[in-house]
Structures are given as C-alpha cells and as structure tokens.
Amino acid sequence: MISVRTLAALATAAALSAGTVALADDMGNSSNHMGMQGRFGGPVYTGAPALAVTASLVAAGGGADHYSTAAALVSMVGKDTVNAEVGKLQKQYGKDAVNQWLSTFDYAVTDALKRATEAGVKLPEPDPMLTGSHLAETLVKAGTASDHTFQIEFLLDKAVSHAIHNKVMDDIDGNASYGKHADLLYHTISNQAFYDLAQALGAKDVKLAPLH
Numbered sequence: 002m003i004s005v006r007t008l009a010a011l012a013t014a015a016a017l018s019a020g021t022v023a024l025a026d027d028m029g030n031s032s033n034h035m036g037m038q039g040r041f042g043g044p045v046y047t048g049a050p051a052l053a054v055t056a057s058l059v060a061a062g063g064g065a066d067h068y069s070t071a072a073a074l075v076s077m078v079g080k081d082t083v084n085a086e087v088g089k090l091q092k093q094y095g096k097d098a099v100n101q102w103l104s105t106f107d108y109a110v111t112d113a114l115k116r117a118t119e120a121g122v123k124l125p126e127p128d129p130m131l132t133g134s135h136l137a138e139t140l141v142k143a144g145t146a147s148d149h150t151f152q153i154e155f156l157l158d159k160a161v162s163h164a165i166h167n168k169v170m171d172d173i174d175g176n177a178s179y180g181k182h183a184d185l186l187y188h189t190i191s192n193q194a195f196y197d198l199a200q201a202l203g204a205k206d207v208k209l210a211p212l213h
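Heads up: take any position in the sequence shown, counting from 1, add 1, and you land on the working numbering.
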C-alpha cells in the first residue's frame with residue numbers, strides 16, 4: 002500500500018541549492034539536534050532547508066496557486082496505488098479523518114509558502130531530477146531519523162525550516178477550520194502514510210513512529 006523549522010537558517014540561493022544535495026544525504030548530521038524533540042515527536046533539524054526539493058513537491062502537486070497533496074501523491078506513485086493507500090488509511094482512521102488530513106496537508110503547504118514569502122524567501126525552480134518515485138524516495142529519506150524512524154516533523158523542518166514549520170503548526174492550531182485536533186491528525190496520519198510509502202519503495206529498515 003502506498004500513500005502518501007530558524008528563519009536565520011534561511012541561506013542564500015547558492016546555499017539552498019547545495020542544501021538540495023545535502024537533503025538527499027540526510028542534510029548533514031551536524032544540524033540534527035537529537036537532544037531537541039519536535040512538538041509531535043522526533044528530532045529537530047535546524048539547518049538550512051532544501052527549497053529546491055520543496056519546489057519539486059509543490060510542482061508535483063499542481064503548483065503554488067493550486068497545490069493538492071492528492072495530486073502530488075498521484076504524480077509520485079500513481080493513481081491506483083494512491084487510491085489503495087487512501088482506502089487503507091480510511092479503514093484505519095476513518096474517512097472524515099483522512100479527508101481532514103489531506104485538507105490540512107494542503108493548507109500547511111500553502112501556509113508555509115506564504116510564511117516563506119513573508120520572510121523574504123523565494124522558492125527556486127523545481128529540480129528536474131526530482132519527479133515520480135525519485136521524489137518520493139528523497140522525501141522518505143529526508144524524514145527518516147538516525148534511529149530509522151520516519152518522523153513527519155523531521156521532514157517538514159528540512160523542507161521549510163524549523164522556524165517556519167513551527168509557525169505553520171501555530172497557524173493550523175489557530176485556524177477555525179482546522180485547530181489542534183486537525184494538527185494532531187495531520188502529523189499522525191502523515192507518519193503512517195510515509196511509513197507505508199517507505200515500505201512500498203523497498204525501504205524495509207524504516208520504522209513506524211510511535212505517533213501513528
């Protein structure tokens with residue numbers, strides 16, 4: 002079955018481009034603060050985000066103006082496998098919870114782009130090499146901590162920075178259409194979905210996070 006944060010760390014465009022390569026190689030362990038824990042579990046990453054990877058995900062989902070998590074997943078692994086995973090998740094969490102997860106994921110990406118723009122950060126062009134299953138593999142690897150557990154918070158730190166990730170979670174919590182429960186569901190189901198994705202991609206050493 003397949004599915005699917007410091008502002009000061011936001012570097013120059015050249016550094017961000019270099020960060021794209023680093024992301025695929027676990028983004029440099031020196032920036033992985035294993036003594037710190039994210040709001041919903043897992044280690045905190047405080048290095049520069051790999052914005053070209055983020056741009057590739059946004060492009061896979063239809064672009065910044067029309068981003069869709071469902072579309073991004075289909076672009077990476079295909080419609081049949083996404084439908085199968087959504088069905089599996091609906092049985093596990095309920096249809097309403099899965100619909101809330103997808104909606105919150107869409108909002109989180111859109112809000113992260115807005116917060117990045119406010120911080121003076123502009124996404125580079127998508128990496129033409131990061132499409133389909135290669136993009137999926139890169140995202141799974143980026144979110145897998147040193148203990149081999151996939152943690153969505155770890156991935157989001159790397160995607161948009163630890164500071165922006167925290168701000169987005171605050172925005173979800175304070176949004177009347179979402180709130181803290183939706184935020185919890187977003188992280189819970191994402192951990193399960195990306196674990197399922199890892200297994201389907203053959204990354205059998207990836208472990209499921211306690212929050213799932």
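Ideal placement from N, C-alpha and C gives every residue a C-beta, glycine not left out.
Quick one, are the C-beta atoms of residue i and residue j less than 9 Å apart?
| i | j | result |
| --- | --- | --- |
| Leu-136 | Leu-156 | no |
| Tyr-46 | Lys-159 | yes |
| Ala-53 | Leu-131 | yes |
| Ile-173 | Leu-90 | no |
| Glu-86 | Leu-202 | no |
| Ala-98 | Leu-209 | no |
Whose C-alpha, out of the options, is nearest the C-alpha of residue i?
| i | options | result |
| --- | --- | --- |
| Ile-165 | Leu-209, Leu-185, Ser-178, Ala-113 | Ala-113 |
| Val-161 | Leu-186, Asp-148, Gly-144 | Gly-144 |
| Asp-148 | Leu-58, Asp-81, Pro-211 | Pro-211 |
| Ser-57 | Lys-181, Arg-116, Asp-128, Ala-71 | Asp-128 |
| Val-75 | Ala-51, Gly-48, Leu-103 | Leu-103 |
| Thr-118 | Ala-65, Ala-204, Gln-193, Gly-39 | Ala-65 |
| Gln-93 | Pro-44, Gln-193, Ala-49 | Gln-193 |
| Glu-126 | Met-37, Thr-55, His-213 | Thr-55 |
| Gln-200 | Ser-134, Gly-95, His-163 | Ser-134 |
| Gly-39 | Ala-146, Gly-175, Ala-204 | Ala-146 |
| Pro-50 | Val-122, Lys-80, Tyr-108 | Val-122 |
Given a threshold of 16 other Cβ atoms within 10 Å of its Cβ, counted over all protein chains shown, does residue i qualify as buried or as exposed?
| i | result |
| --- | --- |
| Met-170 | buried |
| Asn-167 | buried |
| Asn-100 | exposed |
| Gly-42 | buried |
| Thr-70 | buried |
| Ala-177 | exposed |
| Gly-48 | buried |
| Val-207 | buried |
| Met-37 | exposed |
What is the C-beta distance between residue i and residue j, in whole angstroms, given that I count them as a contact (C-beta under 8 Å)?
| i | j | result |
| --- | --- | --- |
| His-188 | Glu-154 | 7 Å |
| Ala-111 | Tyr-179 | Sequence inspection shows Thr at residue 111; the Ala mentioned does not correspond to that position. Rounded, the Cβ-Cβ distance is 12 Å, inconsistent with contact. |
| Phe-151 | Phe-195 | 5 Å |
| Val-59 | Leu-124 | 7 Å |
| Ala-73 | Gly-62 | 3 Å |
Where does the unbroken alpha helix (DSSP H) through residue i begin, and where does it stop?
| i | result |
| --- | --- |
| Val-110 | 96 to 119 |
| Leu-124 | Taken as a continuous stretch (DSSP letters only), Leu-124 belongs to no alpha helix (DSSP H), as it is neither H nor E. |
| Lys-159 | 153 to 161 |
| Asn-192 | 181 to 201 |
| Thr-136 | Checking the sequence shown, residue 136 turns out to be Leu, not Thr. Run containing Leu-136: 133 to 143, per the alpha helix (DSSP H) assignment. |
Which residue marks the beginning of the beta strand (DSSP E) containing residue i, and which one marks its end?
| i | result |
| --- | --- |
| Tyr-46 | 44 to 46 |
Output yes if chain B places a C-beta closer than 9 Å to the C-beta of residue i; else output no.
| i | result |
| --- | --- |
| Gly-121 | The question asks about chain B, but that chain is absent: this structure has only one protein chain. |
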